[in-house]
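Asks: In our numbering, the protein residues as written are 1360 to 1793. Glycine included, C-beta positions come from ideal geometry on N, C-alpha and C.
(1) Which one of 1628, 1544, 1644, 1735 has the shortest CA to CA distance from residue 1650?
(2) Just to check my reading of the structure: residue 1398 and residue 1438 have Cβ atoms closer than 8 Å, yes? What is that Cβ distance to the nearest angstrom?
(3) How many whole angstroms separate the CB atoms of residue 1405 and residue 1562, which I take to be in contact at a CB cut-off of 8 Å?
(4) Would you give the residue range spanned by the beta strand (DSSP E) that residue 1515 belongs to?
(5) Nearest by alpha-carbon distance to residue 1523: which of 1488, 1503, 1778 is it?
(6) Classify residue 1590 as buried or exposed, calling it buried when 16 or more other Cβ atoms lie within 10 Å of its own Cβ.
(7) For a quick check, are the C-beta atoms of residue 1435 and residue 1400 less than 8 Å apart?
(8) What number of angstroms, rounded off, separates the C-alpha of residue 1695 from the C-alpha of residue 1737?
(9) Report buried or exposed for residue 1676, applying the criterion of at least 16 other Cβ atoms within 10 angstroms of its Cβ.
(10) Applying the criterion that 16 or more other CB atoms from any shown protein chain within 10 Å of the CB defines a buried residue, is residue 1441 buried or exposed?
(11) If I'm right that residue 1636 touches residue 1603 with Cβ under 8 Å, what's the distance once you round it to whole angstroms?
(12) Determine, using beta carbons only, whether residue 1477 and residue 1539 come nearer to each other than 8 Å.
(13) According to DSSP, is residue 1634 part of a helix, a strand, or is it coil?
(14) Between residue 1693 and residue 1682, how many whole angstroms is the CB-CB distance? I'm expecting something under 8 Å.
(15) State the Cα-Cα distance for the pair residue 1669 and residue 1746, rounded to the nearest angstrom.
(16) Indicate whether the contact test is met: 3 or more Cβ pairs, each with one atom in the region 1452–1459 and one in the region 1407–1423, closer than 8 Å.
(17) Could you give the first and the last residue of the continuous beta strand (DSSP E) run that contains residue 1651?
(18) What's the gap between the Cα of residue 1706 and the Cα of residue 1643?
(19) Quick check: what's the CA-CA separation for residue 1492 versus residue 1782?
(20) Note the first and the last residue of the continuous alpha helix (DSSP H) segment covering residue 1400.
(21) Can you say whether residue 1754 is buried or exposed, counting buried as having 16 or more other CB atoms within 10 angstroms of its CB?
(22) Classify residue 1663 as helix, strand or coil using the three-state DSSP reduction.
(23) What do you reckon, are the CB atoms on residue 1427 and residue 1587 nearer than 8 Å?
(24) In angstroms, rounded to a whole number, what distance separates the CA positions of residue 1504 and residue 1537?
(25) For residue 1509, which option in 1613, 1499, 1517, 1518 has the closest C-alpha, if you only look at C-alpha atoms?
(26) Considering Cα atoms alone, identify which of 1598, 1403, 1494, 1732 is closest to residue 1631.
(27) Under three-state DSSP, which class holds residue 1750?
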């Protein structure tokens, strides 16, 4: 027999390096107890059991996939299937038919864009049916989110729309899906509402590597779209005077490897982890993440603007694949936009020749720029003056991990993007007299 292995829960279990969105990566030291505590909280929230199956395709180096997608599922006795590659996720979903899928907003944005592209290229009558179905589905979802039964008249109408409209969206994930778990970055309310209307629950959560990682999530019967839910069991949260979200519990890391001063900055004398995220907590305990503390854009006039909030909204435009908002210490905001070339090909704007033209040529097309200027005007309409995008750079190069502009969980490394487009940004502001 193998000898017994001695040890205790407080011993170091792993190093996980942060994604480095706001500076150099740091080695987060997590103990066995940190991870066990988070798994216990996750199991209570997600209601997993031995009948559940997940499809794993997120990076295992990231704590979200490792703790929520692996350890928690294993403790519940569930089954983990592995995707053959990013290009095979769609086929693997149909092959495996998971009950739970852990994902990131970028992939849900791709599904949303595909759905909206199909709708906008449909005849007007079908577009009207879709809009009505979306409105009815959203009303029914609101009852479910509050843990209340859906009224009979809504339920009856949903039976029709479920078959005519929403079944096509549901089949993307197979026939056994119970819910999606989204983390790693904010998910736009528009995308959340579409999935909710289609009766595909999204458990949107919030976490960070230093918290092992999950802190909060929306639960079945108590969901508030636009928030990241309430803290999990055995996790305390509050906000500091400047709005920074603070977290305390067994899940909080031991510290940063060989970075004692940064550890002391992150965890105060009372054991509160300073997350670096600006948040609001409402009277019922729901957390709304405003932005990274270091990603709040401070305009030259002193006004603070959330870049992540605007980027999340821009991602809801089917013609925009990716966006990075800039403007720190400037008079106005601007954005780096990556067009969705698939949508442009399927629905070419008036007077823009798309066929057989390369993306590098299209982004310099004056008529296409005017088309996007119109999209941005519509985007700006409901916003305050300081939140409006006044100009933009179009690029054919997607933000990616390969060029260092995205983290493994698809978060934008804003500083890297700005460095890569520094010349275009300076030229853009120079033409506006800044």
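Replies: This is what the structure holds:
(1) 1544
(2) About 17 Å separates the two Cβ atoms, so there is no contact after all.
(3) 7 Å
(4) Per DSSP, residue 1515 belongs to no beta strand (DSSP E); it is in the alpha helix (DSSP H), 1511–1520.
(5) 1488
(6) Buried, since its Cβ has 16 or more Cβ neighbours within 10 Å.
(7) no
(8) Residue 1695 and residue 1737: Cα-Cα distance of roughly 17 Å.
(9) buried
(10) Flag for residue 1441 reads exposed.
(11) 7 Å
(12) No.
(13) It is a strand residue.
(14) Not a contact, Cβ separation roughly 11 Å.
(15) 8 Å
(16) yes
(17) 1646–1651
(18) Residue 1706 and residue 1643 have their C-alpha atoms roughly 44 Å apart.
(19) 46 Å
(20) Residues 1391–1405.
(21) buried
(22) strand
(23) no
(24) 15 Å
(25) Comparing Cα positions, the closest option is 1499.
(26) 1598
(27) strand
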